[in-house]
Structures are given as structure tokens and as C-alpha cells.
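Q: Okay, handing you the structure first.
Protein chains: 2
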Amino acid sequence: MTNMVILFTGAELLVNQLLFPAQDDQKSNPNVFVVGSTLQRLLNGAEDVGLFKEFQDGTMRGFTYANRESFKDFNGDGEGFLSDAECQYIIKHGLDTLRAKNEQHVPGYPKLKLYPGKSVVRRLQSKGVLIQYFPLHNKEDLKRLSFSWYKKFKLSFQPLDDIRHYFGEGLALYFGFLEYFTFALVPMALIGIPYYLFDWEDYDKYVLFAVFNLVWSTVFLEVWKRCSATLAYGWGTLSRKKAFEEPRAGFHGALGFNPVTGREEPVYPSSKRQLRIYLVSVPFVLLCLYLSFYVMMVYFDMEFWAINTYHENPNIATSILLFVPSIIYAVVIEIMNLLYRCAAEFLTDWGESFFLIIGCFVCFQFNFVNCFASLFYIAFVMQNMVLLRQSLATLLITSQILNQVMEAFLPYWLQRRRNKKVHKRMRRLMGDKELPLLGQVQLETEMNTYLGTFDDYLEQFLLFGYVSLFSCVYPLAAVLVVLNNITEVYSDAFKMCHVFKRPFSEPAANIGVWQLAFETMSIIAVVTNCALIGLSPQVKAYFPESDTQLILIVVAIEHVLLAFKFILAFVIPDVPKHIQVKLAKLDFDSLEALKKRVSTHLHMSLTCFLIIK
Amino acid sequence: MTNMVILFTGAELLVNQLLFPAQDDQKSNPNVFVVGSTLQRLLNGAEDVGLFKEFQDGTMRGFTYANRESFKDFNGDGEGFLSDAECQYIIKHGLDTLRAKNEQHVPGYPKLKLYPGKSVVRRLQSKGVLIQYFPLHNKEDLKRLSFSWYKKFKLSFQPLDDIRHYFGEGLALYFGFLEYFTFALVPMALIGIPYYLFDWEDYDKYVLFAVFNLVWSTVFLEVWKRCSATLAYGWGTLSRKKAFEEPRAGFHGALGFNPVTGREEPVYPSSKRQLRIYLVSVPFVLLCLYLSFYVMMVYFDMEFWAINTYHENPNIATSILLFVPSIIYAVVIEIMNLLYRCAAEFLTDWGESFFLIIGCFVCFQFNFVNCFASLFYIAFVMQNMVLLRQSLATLLITSQILNQVMEAFLPYWLQRRRNKKVHKRMRRLMGDKELPLLGQVQLETEMNTYLGTFDDYLEQFLLFGYVSLFSCVYPLAAVLVVLNNITEVYSDAFKMCHVFKRPFSEPAANIGVWQLAFETMSIIAVVTNCALIGLSPQVKAYFPESDTQLILIVVAIEHVLLAFKFILAFVIPDVPKHIQVKLAKLDFDSLEALKKRVSTHLHMSLTCFLIIK
């Protein structure tokens, strides 16, 4: 197997095999390699991937080994200068971007060919030679982190920097957002309670709440942009330019030169890509969208039928029947979703990154419909506010409980059982002699893989929907969401630390497409809230003679609110002033670095003149 | 007066006095100084102001004297490397940023003190010592430009690069936009004609036209962004960062250091600025807005009264009366506008740049109301489509004729008379001896000053409004606007070349706030067009029983269209791919310029591992 080691020396990484004691069954005894790196390699890697670290003057600068001394936290040989997550990222980058330069065989696997420009690791994975690779947990750091994170049950901010240090920026941003969102909801909740307790049938308060809700949701999202910019700048991901990164492992094609960086890397002939997008991707995506919408329509019919039957004779049986369509729909979604993700993943291997986006979008739309379709139906077709309140409450509470159980406790319980098994086997194998690393490897190999923040964000997004869309009918929603998120923080933290394999860290400068999703939701919320107010009997009472007048007024108000919303979003700068200055300074300094000055001979030219009294 | 020369040597510019022959009357004989510069100074200046020029590899780079040889058009001593407009800009920049370092007297003016950090030129101007300063026309270039621009009456694109070379990017972009807008309107016009000639009462076509109008206005604006980005990149203004420029002459305060560039320049204590904005600016601006709205309301009352009287007994007298309110309003506007501009200008001297913005906004809102208020009134209050068409047509045609006359021909006529006078005086003075430069100075001193592109853009904006807002009622509007713009190009070109003083060139990367204004207008257009369609009797005929249904459907369609519009605007990238790449490359190279590489000792650290079959 040493030839496998030779293969990876291309990445200048340290690879040594972890030897297991002899065993009876061969298959449960895979070859395990520990990949490490010299600090030297890591620091050079940090320069290659273009990490930004804090400079002496407090600004963030692209790290270079040459002037490493002038970076703030660099002392001695640079031990502890890079965060755990960064080291991990650099090594993974090294493995992923390890590409065969020319056509060759994998040493020891005569049948296994490598093609130029194609990632070696991915090739090995797809051929089933490489079963899996993942970062190991760091017991001490993990203990420290989990203590400061969720062990002590006092209300405190999360240790975002520690989280980022251990799990990377992507996850840290998620938890930052979760915390921010929860705190932002508190005022909503506080205002919601009296509405719930006393007179929420009162029209003026109704409108007041809706307007507050609108302003809140806008300001909330704008301020978050600033917060995340501040965080991301401090973590160096804001200044880091996407253009400089090499393409991810999945991306392959003939080797060529990146127009921006001039580095040699697989480039995809634009014409070919265009062709593929138009011939394969677009039809595929359209088909998926069509399917999803079709399923949605079927679901609507079922829902409609169920609700009607319930109305004809409301009893327990029919009230249970109300939930059947949603359940069927949910199941169908999960299946289609799975199929879609596989397809998208497969197509993404071709190098079409936008497939995952569409894939996420479709999955997202499924969930969106699943959660809100019935509510919209109840609100605007049946116009039954009491039922709307009921279903909102039930949806919120059930989803909250289900989430906690499904996300954290069930997996944890399974985990525990697995761990016991592994421990037993280990003891049987090697009696009492202690092999800490080997044991850890055995345990973590069995753990589930964390599939990324998508599902976590989706959950928050749906909660945001519950709060904003129908808030003025059910002001208590905010309270429930706050309660949910308080537990959510703990369960998610626990999940990350003890249920899943340690995920590879992903550098992230913002929450990406989710920002857009939340903003879209807040726009839809304006429309729904206006409509709900228009529908409320109290408001209708104001215009007994004609609906027309009422509708026109509601529409007018809605347009004004939307305009106000856009102006507000436009006025609030996305990046705080002091960070704008720092970013500008970086641009300026780097442009100045291109400049020198010399002086030469004289020459006359007239252009402009003055008249003086 | 030579001490005045000494004063300006600070800017390292060449200043020499233009001597007039002895004259009888003293006052008509001011001291005239010609300010020039060495090519050396210009090239260094180009570096100081951060001009971007085309590099050998076809990308735009910040010009540096040091590696001047590696810039594309730089040959020999760099003669003709900088455009006329750039030289001008550099010299003006040199004069404007000439600031007194410490408190001192103007040599020869014991009463006239200079304060540290305050622009010398501006000080002299405000004290009336410096009467005016402006760039001279370049007879040969002007002749060449004006020939290729408007002398030959064949339909051709404007020589934007020549315009930019002579007048600078700001004006070139205006003419580029004018041309683009005109060409973009041609399809609208072509589609409009059949609508006008045949059946524009037909409902479906009606809607079709409105939808086409919507898509057109969106695509038109998005594509313009790309065009202007391409132009601005080629001219080097796109890459040029605002942050690097020193503040304009008007801006003063204690000398400090710019946080970005680190240059010493007047900085305004933030706390003080805040205080001023809140105590002076905001109330002032609010007052102005209140006034303008008040005047608008009064105008509405008058309009209302006039229209009523016209309806009571429609005859010539009352039909004339219809125009009276608008005329009065226009006059009042002009006066308030003038006052406002003075105030804004004065306040801007304090360093509040956003005053001019607000000032423009108010003036803009005046014009907007003046042009469209009556139309909106006729369309949505009176709901009289025939009258709407009439007034649209009259407004368009009259404004077209008036513009041409007021903008170009009237000033030109006055100019001619003035020139004659000047010529006579010159001859009386110095008999037949020829003093070309002196003569030119005398002539151009008398010319009017061009007040910037604001009014020109405003005119185009209003025309855009006429086309988009009520298009589906009066599809012929586009035709009229196209006709108007064809003449507009010529009259504007003529105006720039022969009616006004040559303006100082302003570097511009885009049409700035006007992009926003046009986009806002196109959004409003969606609403108005939907409303107009909803109001049309044909559509009403579809819903005989209830208006409610009709309104709901119209609102729904409107929302869909708006959503579609936003998605369209979001999907089309603002900067073409190949320019994005070039910009990214610049960033990358400049960041790389900060980097070096050294290598040192080894060190071990574990992070990540593989399992291999």
C-alpha cells in the first residue's frame, strides 16, 4: 500500500499508515492513512489558497510567508497562527487539487487509470478505492469548545470565534445567524404576548403590528448583512476573492490557464459548457420543476378534498384525515428530493455548479409549499382566521418537537449504541492495550456525516416564514420560535460536537443565497399581511357599501409599504463604514504596490487659464 | 501681478501673463494668466489623480510614470498619450488642490488671508480676486470633432471616443446614453405606428403592448449598464476608485490624513459633520421639500379649477385657461429652483456633498410633478383617455420644439451678436495686428458656462416617462421621442461646440443617480400601465358584474409583472463577463504584488486522514 503513499506525496503532505493488530475478518480491517502536514507546508498552503489574516495595523491582509513576521498573531515558528479549521481546509485543498498531469495508472491498481486534469482523490473515491476521508476531532479543543458552548446553561452569547476556529467560517456564520435571529425575535415576542392575551381583534393594533412587523423584518435583514460583514471581515473571508480560488475537486476538464490567476487548472471550454447547459441541464431542471409543481397541484387537490370532507362532517376521523395529504406529500417530497439531489450531484460532477443551486431551490420550494400551501389556502380561500391560528400553532409546535428529536437526540441515541459495539469489538481485538488514535478512528468512522448547513438554514427560513407571513393573525408565533431557537442552539451545538463526523470547514463570507431567500420572504410577508388586514372583519366593517374602495386602499397601502421597504433597504449600507474604509485601504495599498516613480525631461503644453482682477 | 504667479508655482504649473495692449477703460482690461503644464508634470499628475490607461496586455492599469513604457499608446516622450480632457483635468486638479499649508496673506493683497487646508483658488474666487477660470477650446480639434460629430448629416454612430478625448468621460457617457436610448426606442416606435394607425382600442393588443413595454424598459436599462460599463472600462474610469481622489476644492476643514490613501488633506471631524447635518441640513432640506409639495398642492387646486371651468363651458378662452396653471407653476418652480440651488451650493461649500444631491432631487421632483401631475390627474381621476392622448401629444411636441429653441438656437443667436461686438472692440483696440490667443480669450470669456449634464439627463428622463408611463394609451409617443432625440443629438453637439465655454472634464464611470431614476420610473410604469389597462372600457366589459374581481386580477397581474421585472434585472449581470475577468485580474495582480515567498524549517501536525481498501 506504500505506493498509495507515493501517490499523495505530490501534494507535499505527510502520509503514514495506521497499523491495526491482526484480525480474523479481513474486510473490517481497511488500510487507514493519517494525512498530516508540516507547519511549513501549511503556511505556504495558506498563501496558496489566499487566506487573509490580521496584519499588524489591524487590517486584514493576504497572508504571505515572506512577510509572515508582520502579521499580528504570528510569533515564533507560527505555531497556532492558523486556526484548526484553516489547517484542515489547506490539507483538504491540497488533496482535492492533486491532479494527474498526464494519463497514468494508479500504482498497484493496473486497471485504474488517471486522466490529466482530473482530481486523483475523486477518481479513487468514484472507483471505490478510497472509501472515505474526513478530519478527526481534536479531543481537548472539543471538550473546551463544548463546555463554553452549551455545557453551562446560563444565557450568554455563543463563542463564535471558537466555533469558527474549530469548525470553520461556514458553520460559525450559521450559529451567528441563529443567535442573531433569536435575539431579533425577542421584541416581536414581547409585543406579541399582550396581543395574544388581550385584544388582538382590535383593528388599529392589528395594522400597527403588521407595520412593525414589516419594518422589523427589513431592518433585521439589513442589520444582519452588516453583522455578517463584520464577522466575515474579522475572519478574513470577506476580503478573500472567490476568483483566486482554484476550482473544487469535482470540476474537471482539459488543463488550461485561469484567465484571472494565470494558474494552470482544468478549464471548461465555454462553448462546450454552453452546449451542455442548453442541451442537458436546462431541460433536466425544467423537468424537475414541472414535476415538483405537478406534485404540488396534486397535493392541493388532496388537501382541498380533505378539508371539504372535514367541513361536511367534522369529527375525529375527518380531522385526522386533514393531516393525511401533508404526510403523503412530505413523503413524496423526501423521495423526489433524494432522487433530485443524486441527479444534481451527478450533473455537478460534470462541472455545472448551478445544479446544486437549482437542486436546493427545488428542495426548498418543496418545503416551502409543504409548510405554507395549506396555510395560504386556509387564509385566503377559506378565509377562516380561527382555523389559521390553530394550524399555525400546531405546525410550529409539532415541527419544533420533531426537529429536536430527529436532528439531535435520535441520532445521538443510535450513536451511543454504535459506540458501545465498537468499544466491545476493540476490547475483543486488542485486549487492554491502549491505542487512543486507532480507537478514535474506529469510533468516528462509524459516525454519520454532516450534510452541510442547508437543512439548518431551511428550518430557520421556515420559522421566519411562520413569524412574518401570518404574524398579524397569530402574534404568538414569535414567542414559539424564540423558545424553539433557544433549544435549537443547544441541540445543534450538541449535534455538531457529538453526533456527526467532524465536517470539513468551508470558508464563507456571508450566508449566501439565504440572504436572498429571507428578503424574498419578507417581501411576500408585506403582501400577505396587507391582504390579511384587508380580510379582517373589523376592517371590512369600515367599508360597508363597497369592497372596491377597501381593496384599492389596501393595495395602495401595500404599494406604499413595499416602496418604503425598498427605500429602507437601499438607505442602510450593507457594510459598516469602518470596514468599507479598511477594504478600500487594502485595494489602495495593493494598487500602490504596483507603482514606482522616476522623473525625466521637460516639455511645454497649454491648456487652461485664469483671469485675475 | 507677478506675485500672483508665485502663488501658483506651488502647483508646479506654468503660469504666464497674457499682456493686452494699453486701453482707455481700466475695468475691461483684466489681468489674464495662461496656466499650462510640462508634459512631465502632466504625467506625474496622471499618476497622482490615479488615471487608468490601457496596458500592453489590453487590460487597464493605474498609470505610473515608472513603468510608462509598458503602457500601450505611450511612445517617445509620451506626447499625445494623455487625452486633451485628461490634461485639463490634471491641471484643474492641480489648481483646486493647491491649499495654504499655514495661515498667510495673498502676496499683493494684505487684506486677503489664506487659511490652512482651504483651497487657494476657491478663496480667491470667493473674494472676487479670481473672476473666472476655464479651459480654452482647441480650434483644430474642435473643427475635426464637430465635423465628424454633426456636420455630415448621414445616420451614423457618434464619435464617442473623440468626444471623450475632447470633453471628458462625463459628457461622452451622456451622448452615449442619448444615442443608446434613441436606438432602443426605434422598435417601440415601429410597433407603436400600427397601433396608432389601426386598432389601438383592441384589448389584447393593448395588454401585449404594455407587457412588451415592460420587458423593453427593463432590458433596455440592464443592457445600458453593461454598455456603460464597457465604455467606462475602455476609458479607465471603471477601475478608478473614488476613494483615491482628493476631496474637491469646495471641501475644507483642518488638515488631516485620509484613512484610505494616507494623504494629507482637509478632513471634516465626523462628530461636527453629524451635528451640522442634523442641526442645519436636515431641517433645511425638509423645509424645501415641504415648500415644494405645498406649491404642488396649490398647483393641483388650480389645475382642478381650470379643468372644471373648462368642462362647464368648453370654449377657446377656457381651453387657453387650461394651460395657465402649468405656466404659473413652471415659473414658480424656476424661481424656487434657482433659490434652492444657491442655498444648496452655499451649504455644499461647507462640505456637505449630499446637498447637491437633495437639491437635484427637489428640482427633479418639481419637473416630474410639473410634467406628469396633470397627466396622472387626467388618467386616473378624470379617466378621460382621449384628453390624455391629446395632452400627451401636445406636451411632447411643444417640449420638443421649446427645448431645441431654448437650448441651442436662442443662445447661439445671442452668442453671435456678442461675438460681433467683441470683434468690433478688438479691432478698435489693436487695429489690424493679429493676436489669435488674445482674441480667442476675449470671445470665450463672454460665452455662457455649461452647467453640467443634469438638465440634459432630466430632459431624457422626462421623455422616458412620457414613453413608458402612458405608452399603452398613446403608443405614438415613442415615435415623437425618437424624432426629438435625432434633432437633440445635433443641437446638443452644436451647443457643446459653439454655444458654451468649454467645460472642465469630469471623469465618470456611469450615469450615476440617473440609472436609479430611470429604473424607478420603469417600476412606476408597470403600475400605471396595469391601472390603465384595468380602466380601459374593453377590459371592464369582461367583468360586468363586479369591479372587485377585475381589480383583484389587475393587482395580481401587476404583482407578477413586478416580480418578473425584478427577477429579470437580477438575472442580467451588470458587467459583461470579459470585463469582470479583467477587473478580477487587476485585483489579483495588485494583491499578488504585495507578496513574496521564503521557506524555512519543518514541523509536524496531524489533521486529516484517509481509509483505503
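Chains as they are written, first to last, in the working numbering: chain X, 1 to 613; chain U, 1 to 613. Every residue, glycine too, gets a C-beta built ideally from N, C-alpha and C. Values in this document were obtained by computation on a predicted structure and should not be read as measured data.
(1) Leucine 197 of chain X: buried (16+ other C-beta within 10 angstroms of its C-beta) or exposed?
(2) What's the call for phenylalanine 33 of chain X, buried or exposed, on a 16-neighbour Cβ count within 10 Å?
(3) Are the beta-carbon atoms of tyrosine 457 of chain U and tyrosine 150 of chain U separated by less than 7 Å?
(4) For phenylalanine 134 of chain U, collect the residues of the same chain with a Cβ closer than 6 Å to its Cβ; drop the 5 residues on either side in sequence, then sort them by chain order.
(5) At least one CB of chain U closer than 7 Å to the CB of serine 119 of chain X: is that the case?
(6) Only counting runs of 4 or more residues, tell me where the alpha helix (DSSP H) segments fall wholly within the region 28-102 of chain X, in order along the chain.
(7) Determine which residues share a DSSP beta bridge with valine 15 of chain U and list them.
(8) Starting from lysine 127 of chain U, trace the beta strand (DSSP E) both ways and give me its first and last residue.
(9) Can you give me the Cβ contacts of leucine 550 of chain X inside the same chain, cut-off strictly under 8 Å, excluding the 5 residues immediately before and after it?
(10) Who are the near neighbours of glutamate 459 of chain U in its chain, counting only those whose CB is closer than 7 Å to its CB and skipping five residues on each side?
(11) By DSSP's criteria, leucine 114 of chain X is part of a beta bridge. Which residues make up the other side?
(12) Using a Cβ-Cβ cutoff of 7 Å, what residues of the region 88-103 of chain U are near chain X? List them in chain order.
(13) Thinking just about the alpha-carbon of each residue, which of X:Met496, X:Leu388, X:Val481 is nearest to the one in tyrosine 412 of chain X?
(14) Please decide whether alanine 525 of chain U counts as near chain X, where near means a Cβ-Cβ distance under 7 Å.
(15) With glutamate 444 of chain X and histidine 137 of chain X assumed to form a contact (beta carbons below 8 Å), what rounded beta-carbon distance in angstroms separates them?
(16) Identify which residue in U:Val481, U:Leu562, U:Cys472 has its Cα closest to the Cα of tyrosine 206 of chain U.
(17) Could you check where the alpha helix (DSSP H) with histidine 578 of chain X kicks off and where it finishes?
(18) Counting pairs of Cβ atoms below 8 Å between the region 79-90 of chain X and the region 159-175 of chain X, do you hit three or more?
(19) Checking contacts by CB at 7 Å: is proline 259 of chain U closer than that to chain X?
(20) With distances taken Cα to Cα, identify the nearest neighbour of alanine 317 of chain U among U:Phe518, U:Ala306, U:Ser326.
(21) In angstroms with no decimal places, state the Cα-to-Cα distance between phenylalanine 129 of chain U and glutamate 47 of chain U.
(22) Taking all protein chains shown into account, decide if glycine 351 of chain X is buried (16 or more other Cβ within 10 angstroms of its Cβ) or exposed.
(23) List the residues of chain X that threonine 614 of chain U touches, going by C-beta distances under 7 Å, in chain order.
(24) Name the residues in the region 369-386 of chain U whose C-beta lies less than 9 Å from a C-beta of chain X; which are they?
(25) When the distance is taken between beta carbons, is proline 283 of chain X closer than 7 Å to tyrosine 299 of chain X?
(26) Would you say the beta carbon of serine 399 of chain U comes nearer than 6 Å to a heavy atom of the ligand NAD?
(27) Is phenylalanine 198 of chain U helix, strand or coil by DSSP?
(28) Provide the residue span of the alpha helix (DSSP H) that contains arginine 144 of chain X, from first to last.
(29) Less than 7 Å between CB atoms is the rule here; does lysine 585 of chain X satisfy it with respect to chain U?
(30) For serine 505 of chain X, which of helix, strand or coil comes out of DSSP?
(31) Taking 7 Å as the CB-CB cut-off, is alanine 569 of chain U touching chain X?
(32) List the residues of chain X that valine 581 of chain U touches, going by C-beta distances under 7 Å, in chain order.
(33) With 7 Å set as the bound, which would you pick, yes or no: does the beta-carbon of valine 473 of chain U sit closer than that to a beta-carbon of chain X?
(34) State yes or no: is the beta carbon of valine 575 of chain X nearer than 7 Å to at least one beta carbon in chain U?
(35) Answer yes or no: do isoleucine 191 of chain X and phenylalanine 175 of chain X have a C-beta to C-beta separation smaller than 7 Å?
(36) Give the straight-line distance between the Cα atoms of isoleucine 611 of chain X and proline 30 of chain U, rounded to the nearest whole angstrom.
A: Short version:
(1) exposed
(2) buried
(3) It is not a contact, given that the beta carbons lie outside the stated cut-off.
(4) Here the set comprises Lys501.
(5) The beta carbon of serine 119 of chain X sits no closer than 7 Å to any beta carbon of chain U.
(6) List check, alpha helix (DSSP H) in window: 39-48, 84-96.
(7) U:Val35
(8) Element bounds for lysine 127 of chain U: n/a, residue is neither H nor E.
(9) Gly534, Val539, Lys540, Tyr542, Phe543
(10) Asn403
(11) X:Gln104
(12) Gln88, Ile91, Lys92
(13) X:Met496
(14) Under the 7 Å criterion on CB atoms, alanine 525 of chain U is classed as non-interfacial with respect to chain X.
(15) 6 Å
(16) U:Cys472
(17) 577-592
(18) yes
(19) Judged by the 7 Å Cβ criterion, proline 259 of chain U is in contact with chain X.
(20) U:Ala306
(21) A quick correction: the sequence has valine, not phenylalanine, at residue 129 of chain U. Between the C-alpha atoms of valine 129 of chain U and glutamate 47 of chain U there is a straight-line separation of about 31 Å.
(22) The pLDDT assigned to glycine 351 of chain X is 44, lower than 50, so where the model puts this residue is not dependable, and the model offers no usable value.
(23) This structure cannot settle anything about residue 614 of chain U, because the visible part of chain U is limited to 1 through 613.
(24) none
(25) no
(26) This structure lacks the ligand NAD; in fact it carries no ligand of any kind.
(27) coil
(28) 139-146
(29) Cβ-Cβ to chain U under 7 Å: yes for lysine 585 of chain X.
(30) coil
(31) False, the Cβ-Cβ gap to chain X never drops below 7 Å.
(32) Pro259, Val260
(33) Judged by the 7 Å Cβ criterion, valine 473 of chain U is not in contact with chain X.
(34) no
(35) Remark: C-beta atoms of isoleucine 191 of chain X and phenylalanine 175 of chain X do not approach each other more closely than 7 Å.
(36) Only weak support is given to the placement of isoleucine 611 of chain X: the predicted model assigns it a pLDDT of 49, under 50, and the question is left unresolved by the model.
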